[in-house]
Amino acid sequence: MFVLFDAGLLLAAVLVFFASVLGYFLLSNVFQSKRRRGLLSKDGFTFLIAGGLFLTFTASYMEIFAFAFRLPYPVFVDLGIGLLAVFGTSVIAYKFATRLVENRSRHRKRLPA
Numbered sequence: 000m001f002v003l004f005d006a007g008l009l010l011a012a013v014l015v016f017f018a019s020v021l022g023y024f025l026l027s028n029v030f031q032s033k034r035r036r037g038l039l040s041k042d043g044f045t046f047l048i049a050g051g052l053f054l055t056f057t058a059s060y061m062e063i064f065a066f067a068f069r070l071p072y073p074v075f076v077d078l079g080i081g082l083l084a085v086f087g088t089s090v091i092a093y094k095f096a097t098r099l100v101e102n103r104s105r106h107r108k109r110l111p112a
């Protein structure tokens with residue numbers, strides 16, 4: 000029963016990690032000052048976004064390994080689970096963000112000017 004609880008917490012940490020990595024990939028243009036517009040053109044707001052993403056990323060990264068090491072497997076298996084979760088989540092978030100950006104650019108090309 001405790002294994003399911005720990006696995007559920009690990010999954011929750013992976014989802015938060017996914018959201019932070021996806022947020023970074025989607026907002027990466029905001030961090031370049033030449034491309035900022037409107038409300039996002041201020042440095043303070045950009046630092047707030049970057050700080051929030053950094054804290055969320057770091058906390059969820061640490062929690063993934065904390066919950067992976069609570070699983071009832073040998074240490075190297077737990078380490079492998081944590082590394083696979085981080086790597087897999089990062090790759091999936093990158094692919095998802097790339098697909099979203101491609102769909103946006105395709106949609107903009109179809110709109111009449």
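Here numbering that gives the first Met the number 0 is used: the sequence shown runs in plain steps of one and ends on residue 112. Don't be surprised by glycine CBs; every beta carbon is placed ideally from N, CA and C.
| query | result |
| --- | --- |
| Rounded C-alpha distance that separates Val90 from Phe56 | 15 Å |
| Buried/exposed call for Phe44, threshold 16 Cβ in 10 Å | exposed |
| Beta-carbon gap between Phe68 and Asp77 smaller than 7 Å | yes |
| Residue environment, Phe53, which counts as buried when at least 16 other CB atoms sit within 10 Å | exposed |
| Terminal residues of the alpha helix (DSSP H) in which Ser19 lies | Phe1 to Leu26 |
| Beta carbon of Phe95 nearer than 7 Å to that of Gly81 | no |
| Cβ-based burial, Ser59 [other Cβ within 10 Å; buried from 16] | buried |
| Neighbour-count burial assignment, Thr88, 16 or more Cβ in a 10 Å radius | buried |
| Environment of Leu9 [buried if 16+ CB atoms lie within 10 Å] | buried |
| For Tyr93, the three-state DSSP class (helix, strand or coil) | helix |
| Environment of Leu21 [buried if 16+ CB atoms lie within 10 Å] | buried |
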